[in-house]
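Here is the structure we will look at.
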Amino acid sequence: SIVAVVLICVFLFANGVPAMQKIGFANFLTGTRWKPGNDLYGIFPMIIASIYVTGGAILIGVPIALFTSVFMARYCPQKIYRPLKSGIELMAGVPSIVYGFFGLVLMVPLIRNTFGGTGTSWLAASLLLAIMILPTIIGPTESALRSVPESYYEGSLALGATKERSIFMVMLPAAKSGIITAVVLGTGRAIGEAMAITLVSGSSVNFPLPFNSVRFLTTAIVAEMGYASGLHREVLFTIGLVLFAFIMIINISLNGILKKGEKTK
């Protein structure tokens with residue numbers, strides 16, 4: 138696995154850095170015009186769209202996943218636990234393109250009829266990603282909650298805390314590292330998604346207003362890699378390098394938060 142990661146890094150840097158040097162680091166990252174036919178390669182709107190769509194998915198998906206995990210670990214009756222667990226595991230196995238069709242057939246018309254416009258938008262992409270990351274977050278979060286010693290919960294009850302307070306004020310903080318790891322996995326899943334987002338986002342290079350058609354960094358690669366050549370093709374590899382950097386920054390930041398929390402304890 139380590140060798141594979143190293144080879145991916147070498148491949149991305151070897152193919153991505155030369156294009157960035159030709160275009161200019163600032164022009165590439167802060168440029169607002171994407172017109173490969175005119176050698177204009179500004180990806181700033183796509184970076185902002187990726188951050189906004191991922192952020193929207195996290196804001197919607199994480200609370201739902203967290204409460205679902207708490208329900209499954211501490212409240213769920215045994216009769217419905219197995220069907221619920223199987224359903225969540227099945228969600229994890231559904232292909233991305235199927236989620237994309239679901240969003241295109243159900244979410245896009247609903248947004249179009251409710252708010253106007255085409256329906257393919259930042260809002261549709263965020264809602265769809267929020268659904269897609271649920272199983273990625275629920276599984277590890279439930280496992281983290283179940284790994285907390287039962288004595289924590291019993292001790293809290295013995296001190297007079299209610300069941301809900303014991304779960305949310307004692308069990309959840311104790312499982313913090315596992316929950317943050319689950320959120321990191323969900324964030325990586327959201328940032329790296331391409332096929333489903335291509336169908337519901339509209340794939341136009343715009344700044345991400347709620348009902349604007351937007352283009353994700355990943356969708357730019359999917360949409361143009363088939364016919365790109367020369368500098369255009371190299372730039373698409375550079376976009377992959379930017380995505381890789383995003384994931385690294387998120388991982389490093391959250392690991393730093395975890396270590397800071399452990400030192401505080």
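Note that the working numbering has the sequence shown beginning at 138, numbered continuously upward. For each residue, glycine too, the CB sits at the ideal point set by N, CA and C.
Supposed contact pair residue j and residue i - C-beta distance, whole angstroms, cut 8 Å
| i | j | result |
| --- | --- | --- |
| V337 | A262 | 5 Å |
| M269 | Y236 | 5 Å |
| P173 | S258 | Contact flag wrong, Cβ pair sits at about 24 Å. |
| S187 | L354 | 5 Å |
| G169 | P182 | The question names Gly, but residue 169 in the sequence shown is Thr. Indeed they touch by this definition, with Cβ atoms about 6 Å apart. |
| S303 | S293 | 4 Å |
| A229 | P272 | 4 Å |
Residue i burial status per 10 Å Cβ neighbour count (16 or more: buried)
| i | result |
| --- | --- |
| N175 | exposed |
| V142 | exposed |
| E226 | exposed |
| M385 | exposed |
| T124 | No answer is possible for residue 124: it lies beyond the span of the chain, which begins at 138 and ends at 402. |
| P286 | exposed |
| F165 | buried |
| A156 | buried |
| A279 | For clarity, residue 279 is Glu in the given sequence; the question names Ala instead. With 16 or more Cβ atoms within 10 Å of its Cβ, E279 is classed as buried. |
| M306 | exposed |
Neighbourhood of residue i by C-beta, 7 Å cutoff - its chain only, sequence neighbours within 5 removed
| i | result |
| --- | --- |
| G377 | L149, G153, I358 |
| P277 | G315, T318, A319, L322 |
| L243 | none |
| T356 | A331, I334, T335, S338, S340 |
| N388 | V321 |
| N349 | S258, W259, N343 |
| I328 | S187, T191, L380, F383, I384 |
Three-state secondary structure (DSSP) of residue i
| i | result |
| --- | --- |
| V190 | helix |
| L346 | coil |
| Y364 | coil |
| G339 | strand |
| V320 | helix |
| V351 | strand |
Neighbourhood of residue i by C-beta, 6 Å cutoff - its chain only, sequence neighbours within 5 removed
| i | result |
| --- | --- |
| T205 | I275 |
| L391 | I317, V321 |
| G325 | I384 |
The ligand ZN heavy atom lying under 7 Å from the CB of residue i
| i | result |
| --- | --- |
| L177 | Here there are no bound small molecules, and the ligand ZN is not part of this structure. |
Closer than 8 Å to chain D by CB, residue i
| i | result |
| --- | --- |
| S258 | This model lacks chain D altogether; it includes just one protein chain. |
Give, in chain order, every unbroken run of the beta strand (DSSP E) that is at least 3 residues long and sits entirely within the stretch 243 to 308.
none
Those runs of the alpha helix (DSSP H) which lie wholly inside the stretch 183 to 233 and span at least 4 residues
The stretch 183 to 233 contains these whole alpha helix (DSSP H) runs: 215 to 230.
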